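Anchor point for the sequence shown: position 237 equals 237 in my numbering, and the numbering is continuous, going up by one each time. These notes concern the structure reproduced below.
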Amino acid sequence: MSRFLAARDQGRICLVGAPFDSTTSYRPGARFGPDEIRRASQGLETFSPEQENDLEDCDFTDMGDLELPFGDPSPALAMIEATIGELMEQGKIPLLLGGEHLVSLGAIRAVTGRFPDLRIVHLDAHADLRDDYLGQRLSHASVIRRAVDLLGRDRIRQFGIRSCTREEYPLVKSLAADVPQIIAWAGGSPCYLTCDLDILDPAVFPGTGTPEPGGISFQALTEALVRLIGGLRIAGMDVVELAPNMDTTGVSSITAAKIVRECIIALCRRRS
Ligand code: MN
Ligand code: MN
Numbered sequence: 001m002s003r004f005l006a007a008r009d010q011g012r013i014c015l016v017g018a019p020f021d022s023t024t025s026y027r028p029g030a031r032f033g034p035d036e037i038r039r040a041s042q043g044l045e046t047f048s049p050e051q052e053n054d055l056e057d058c059d060f061t062d063m064g065d066l067e068l069p070f071g072d073p074s075p076a077l078a079m080i081e082a083t084i085g086e087l088m089e090q091g092k093i094p095l096l097l098g099g100e101h102l103v104s105l106g107a108i109r110a111v112t113g114r115f116p117d118l119r120i121v122h123l124d125a126h127a128d129l130r131d132d133y134l135g136q137r138l139s140h141a142s143v144i145r146r147a148v149d150l151l152g153r154d155r156i157r158q159f160g161i162r163s164c165t166r167e168e169y170p171l172v173k174s175l176a177a178d179v180p181q182i183i184a185w186a187g188g189s190p191c192y193l194t195c196d197l198d199i200l201d202p203a204v205f206p207g208t209g210t211p212e213p214g215g216i217s218f219q220a221l222t223e224a225l226v227r228l229i230g231g232l233r234i235a236g237m238d239v240v241e242l243a244p245n246m247d248t249t250g251v252s253s254i255t256a257a258k259i260v261r262e263c264i265i266a267l268c269r270r271r272s
């Protein structure tokens with residue numbers, strides 16, 4: 001049984017799966033991410049020694065997966081936006097499980113509706129700032145550019161980026177920040193935290209659609225996430241781009257599940 005189902009029914013933190021990978025550009029499979037994260041969570045303890053806290057003491061719930069249409073991404077994004085919007089109305093903090101990175105755009109649209117002064121913190125190997133990818137403006141390679149369109153570049157910061165086009169590079173340099181800089185920049189503003197798991201080095205996380213050599217360690221990512229969640233006013237967040245079929249050992253799924261566990265515990269500590 002999923003560790004994330006062994007939770008209270010009426011949690012403030014709400015997990016929602018978005019099994020969607022229609023715009024994946026290289027290796028598909030992120031649609032299997034949410035299920036595999038839950039399945040892999042069975043192999044984990046509920047207790048986090050790092051945070052000295054237990055999932056079983058956390059006020060969260062797992063709503064399961066959205067049923068999303070494939071092909072044209074617009075209807076899927078509209079469904080994600082509607083669901084996250086309902087959660088926002090109820091005062092919940094959504095934790096969206098991808099799916100490819102484009103699913104974040106639906107959530108960002110919904111959270112911006114509730115918090116017009118929203119800021120975005122983007123963890124990724126890739127800049128995702130292309131205006132389009134092969135003519136497609138709704139693409140996982142363009143998701144942060146669409147967020148720039150929505151909020152402006154001054155309200156976005158990036159961490160971990162090591163791959164971009166020549167055209168993206170000036171903007172990448174202007175958005176790059178480390179964890180203390182991000183926390184200082186955000187002040188008390190509401191933030192949406194989006195974590196593309198390919199920020200990790202492919203040696204520790206090969207199960208993703210667009211692996212990028214030269215990434216950070218598991219410890220570095222969990223430490224960054226726990227510090228960001230503790231230091232920011234999180235209005236919503238996501239963990240995306242696990243493609244479990246790309247890693248036959250299953251270690252990437254367990255890695256993703258452990259990161260989700262640490263995020264839930266950090267979010268619950270933050271709100272209590
Ligand atoms: Mn991405
Ligand atoms: Mn990426």
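Ideal placement from N, C-alpha and C gives every residue a C-beta, glycine not left out. Computed from a prediction, not measured in an experiment: that's the story for all the values here.
DSSP places Thr61 within a strand segment (E or B) once states are collapsed to three. Nearest in C-alpha terms to Val111, of all of Thr194, Thr23, Val179 and Arg31, is Thr194.
Between ligand 1 and the CB of Asp132, the shortest heavy atom gap is not smaller than 6 Å. Residues Ser22 of the same chain have their beta carbon placed closer than 6 Å to that of Phe70, with the five preceding and five following residues left out of the count. Beta-bridge partners of Met237 (DSSP): Leu95 and Leu193. Annotated three-state conformation of Val143 is helix, per DSSP. For His122, the CB stays at least 6 Å from every heavy atom of ligand 2.
Annotated three-state conformation of Gly17 is strand, per DSSP. Under the three-state reduction of DSSP, Phe32 is assigned to helix. Rounded to whole angstroms, the gap between the alpha carbons of Leu66 and His101 is 15 Å. Non-local beta-carbon contacts of Arg233 in its own chain, meaning distances under 8 Å to residues more than five positions away in sequence, involve Ala186, Gly188, Ser189, Pro190 and Cys191 in chain order. Taking a contact to require three or more Cβ pairs closer than 8 Å, the segment 205-223 and the segment 122-134 qualify as touching.
Around the beta carbon of Pro202, 16 or more other beta carbons lie within 10 angstroms, which makes this residue buried. Sorting Ala224, Gln136, Val204 and Leu138 by C-alpha distance to the C-alpha of Ile183 places Ala224 at the top.
Within 6 Å of the C-beta of Asp238 there is not a single heavy atom belonging to ligand 2. When secondary structure is reduced to three states using DSSP, Ile161 falls in the coil class, being assigned neither helix nor strand.
Per DSSP, Arg227 lies in no beta strand (DSSP E); the unbroken alpha helix (DSSP H) holding it starts and ends at Phe218 to Gly231. Sequence-distant Cβ neighbours of Leu87 in its own chain, meaning closer than 7 Å and more than five residues away, are Cys14 and Pro94. Looking at the backbone, the Cα of Leu175 and that of Leu151 are separated by about 13 Å.
In the three-state scheme derived from DSSP, where H, G and I count as helix and E and B as strand, Arg119 is classed as strand. Residue Leu96 holds the alpha-carbon nearest to the alpha-carbon of Ile80 among Leu96, Glu89 and Gly215.
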